[in-house]
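Asks: If you scroll down you'll find the structure; I have some questions about it.
Chains as they are written, first to last, in our numbering: chain A, 310 to 807; chain B, 310 to 807.
Quick look at the structure:
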């Protein structure tokens, strides 16, 4: 049995090497590659994908998993070995259900969709995009049809990002949140222009040095991390000890500091996965929502907190004396935490962001169930956007066409952003209950205890358990919007009353 | 038949994608990777190698090649299709002869050897290295035994770098060269200290800008190339349109300019391979010697010439006014072309370099044939080094232990450096005979016609023909040391008599 297990592990290590190599090639393409390399790179990525997929869905993999059932049952559920067999079997069964031609058609639709979407967005013309969206939706429904055993078609798509979570659960949580959030934002939301000091100028070299300084304090280790520049920041990794973060700088904006902390949060999660899981499919974060909980925890709960800036604000002023020399810390704190409804999701503040997500989550379910025809999508978007955020949508580019996700048939994905926000506060409250002096540590510029707590409780687990089991292990209960609502009310209430 | 050919091509494209990905991973490891990523990277490289090797040596590949014989014979010898089948068959037959366990043992020996060699070199202690060298040599002899049909064991090793070339041919060419070079160097070689301006200081930022300026004039195109920093400069590529050069800068030395032109020469060759050959095993330079002929042509024949500096010297002076402001161009020209025997091959000048190579070529043959026991290697090295270069060897680090190549069982490789020098002048003379105003173009800072001539005559061919056929197509005859000897005599003679 041990020999069979070693065979499975060796096979998965090869597949995982290919998968991580794909990620590194993608990083290289985005960050380093001379532009003319794109055509060959795309072929290389597709070759790696085909080989990895072929090795994984093979009968040999399935045979090994079948033979290893008694071995798995003889071991504790939480052992690395039983977890590897259990999680791999679930992955294998899912992968086997999708016919190769459908998978290939979806890949093609994604790459075609990007271009059509970009053109339609440029022209602010939803009708131009609608036929492609229809095609993407039909492919997604064919994908849903590959599976049984779901209550809602959205369940199947959600499962790709948040294994085992049900649409009904998400709906309950997001409905709770929406009921609290819409009136709260109507109450505390500002319509004033931004503080003038928020538009700099902030020289980009100084932004870079300060970004590095901040994330090095959070846990970024130059022996294991890089920070580079891209148009769209992201975090990637080629192994737990090789983490690649990207960011961007513009002179009239300091959001780069929060971008760096956000991506660093993703990176710390991957870096913290137990090295015993390296080169297995368990060596990565467990789900999109739990990943986002970590980027948000470091960016917002830590990085937009008073204790954090009690420590770092003097340095920030010294870095940008012309702009911030005469701005007191409280004004800075309020400016970076200001709530202000706006059109574009990716520019939204911590609170209104969730309403952008809830809007998409609702529309996706209605499209998938057939309750909303694509001919009516634009009107539905505009009506609901105004209802939730209080703003009339002036055109499709600021409305239904703003995100690339649907062009890539990325249904089921948006909700994980807000689930991540919700989990981030649950995890934070748990950490704080065990380490009550964290705020004092932040004031002193110390983040090591929080990092260590998160590493041992969450990061080290990798993908051994389901997202639900993982959250349960960390916070002792299921997902719950109440702590997040409380956190937002406390933070935003204090800002308006003070 | 066309369908069988398409199958072969698709299979080779996958293998070639994996091979180029290995090269990109190696580049990333050397240039970008955080150091802690090394362990997983090494596993990834080994996985890609195993999969690519497995796909290539398979019976399926051999079966396709066999089926395609009549198709190959029906096509012109120089067609892309016939060439792909012919060259691949030769590669396949070679690869099939080496048992997997020997290949694996050689890989292990290489990685173990590095460490033992580094320690022995540090301690200047050949005896420490000797047992490993014995092991490496025995493995190489076992490798030789996998083949038949050779006149000299060195033939088999040479064939890995210079397909089809025979030891006897190389020996004849290098003996000719040695007979001319030893007395020439004794006559023109200097023992004076270097000109003081050669040690700067040259600020590294300015070195980088100037390096880029020079190679952009030679043909480096930022849409298709990068230039980065490493301890040991090299050129790599992930496709013909994605060329990665590396260089290094030290403040007390301007050799970086020549390093950049050298690596750019390698890059221009890969970049110039016909795009019709992309993603096939033909999409790369044909041999080590022809590759080196291009790095040397751009570095030495172009980059150390009078017309070149007639154009660029004023700019060089302006870049480093404190150091070169009062140095006239002729002094600079003489300083960068000075012949001076020295111990370390990689620091040697254009002329003495060849004697370092010839020494190693002779010793390798004697070791492989058993005529030289490893217990006598150090003494043989020291005696012959003094005979050729006129310098007594003070210790093993400056002598027999200076190169890493033998630690990696890299026998058969050194000679290609000098073969490249020899070919570089043959190719240059041919170009000059067809484009007699090249020197005037260089004076005007124009290198496009030479680049275009080389691209269409040599680079575009990739690996379609054997190295010998390739050289024959470019210069109209076989390798011949006479033009190179004439070139060195003219250039060096003019320096001593003027």
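Every residue gets a Cβ at the ideal spot worked out from N, C-alpha and C, and that includes glycine.
1) Kindly list, in the order they appear in chain B, the residues whose Cβ is closer than 8 Å to that of residue 593 of chain A.
2) Should residue 559 of chain A be flagged as near chain B, meaning a C-beta pair shorter than 7 Å?
3) Mind pulling the chain A residues with CB within less than 9 Å of residue 700 of chain B?
4) What separation, rounded to the nearest whole angstrom, lies between the Cα atoms of residue 764 of chain A and residue 346 of chain B?
5) Answer with yes or no whether the minimum CB distance from residue 543 of chain A to chain B is below 7 Å.
6) Which residues in the same chain as residue 675 of chain B place their Cβ atom closer than 7 Å to its Cβ, once the five residues preceding and following it in sequence are excluded?
7) Indicate the three-state DSSP secondary structure (helix, strand or coil) for residue 574 of chain A in the structure shown.
8) Whole angstroms is fine: what's the gap from residue 543 of chain B's alpha carbon to residue 555 of chain B's?
9) If you follow the beta strand (DSSP E) that residue 546 of chain A is part of, which residue opens it and which one closes it?
10) If we call anything under 7 Å between Cβ atoms a contact, is residue 590 of chain B one with residue 321 of chain B?
11) With a cut-off of 7 Å, does the C-beta of residue 349 of chain B fall near any C-beta of chain A?
12) I'd like to check one pair, residue 712 of chain A with residue 435 of chain A: are the Cβ atoms closer than 7 Å?
13) Taking only three categories from DSSP, how would you classify residue 537 of chain A?
14) Could you tell me which whole beta strand (DSSP E) segments of length 3 or greater appear in the region 389-452 of chain A?
15) Would you mind stating whether residue 419 of chain A and residue 717 of chain A have Cβ atoms separated by less than 7 Å?
16) Output the distance between the C-alpha atoms of residue 731 of chain B and residue 788 of chain B, rounded to the nearest integer angstrom.
17) For the alpha helix (DSSP H) that contains residue 586 of chain B, what are its first and last residues?
18) Which term fits residue 381 of chain B, buried or exposed, when burial requires 16 or more other beta carbons within 10 angstroms of its beta carbon?
19) Looking at residue 497 of chain A: is its Cβ nearer than 7 Å to the Cβ of residue 805 of chain A?
20) Name the chain A residues that come within less than 9 Å of residue 343 of chain B, Cβ to Cβ?
21) Against residue 547 of chain B, what residues of chain A qualify as contacts under a CB-to-CB distance less than 9 Å, listed in chain order?
22) By Cβ distance, which residues of its chain are closer than 6 Å to residue 726 of chain A, with the 5 residues on each side in sequence left out?
23) Check residue 563 of chain A in the structure and name its three-state DSSP category.
24) Pairs of beta-carbons, one from the region 690-697 of chain A and one from the region 530-540 of chain A, closer than 8 Å: are there three or more?
25) For residue 627 of chain B, does the count of other Cβ atoms within 10 angstroms reach 16, so buried, or fall short, so exposed?
26) Looking at chain B, is there any beta carbon in it that lies within less than 7 Å of the beta carbon of residue 326 of chain A?
27) For a cutoff of 7 Å on Cβ pairs, would you count residue 323 of chain A as touching chain B?
28) According to the neighbour-count rule (16 or more other Cβ atoms, all chains shown, within 10 Å of its Cβ), is residue 661 of chain B buried or exposed?
29) Just the C-alpha distance for residue 645 of chain A and residue 507 of chain A, rounded to the nearest angstrom, thanks.
30) If you check the beta carbons only, do residue 616 of chain A and residue 751 of chain A fall under 7 Å apart?
31) Any C-beta of chain B within less than 9 Å: which residues of the region 683-696 of chain A qualify?
32) How would you label residue 328 of chain A, buried or exposed, when you count the other beta carbons within 10 angstroms and need 16 or more for buried?
33) Look up residue 553 of chain B in the DSSP assignment and say whether it is helix, strand or coil.
34) Exposed or buried, which one is residue 624 of chain A when buried takes at least 16 other CB atoms within 10 Å?
35) Cα-Cα, which of B:707, B:795, B:761 is closest to residue 433 of chain B?
36) Counting only Cβ pairs nearer than 7 Å, list the residues of chain A close to residue 587 of chain B.
Replies: Reading it off the structure:
1) Going along chain B, no residue has its Cβ under 8 Å from residue 593 of chain A, so there is no contact; the nearest lies around 13 Å.
2) no
3) Within 9 Å Cβ-Cβ: nothing; residue 700 of chain B doesn't reach chain A, min ~42 Å.
4) 19 Å
5) no
6) 681
7) helix
8) 5 Å
9) 544-548
10) yes
11) yes
12) no
13) strand
14) none
15) yes
16) 8 Å
17) That residue, residue 586 of chain B, is in no alpha helix (DSSP H); it is neither H nor E in DSSP.
18) buried
19) yes
20) 530, 531, 532, 533, 534, 535, 550, 551, 552, 553
21) 334, 337, 342, 346, 349, 350, 353
22) 601, 666
23) coil
24) no
25) exposed
26) yes
27) yes
28) buried
29) 9 Å
30) yes
31) none
32) buried
33) strand
34) exposed
35) B:707
36) 349
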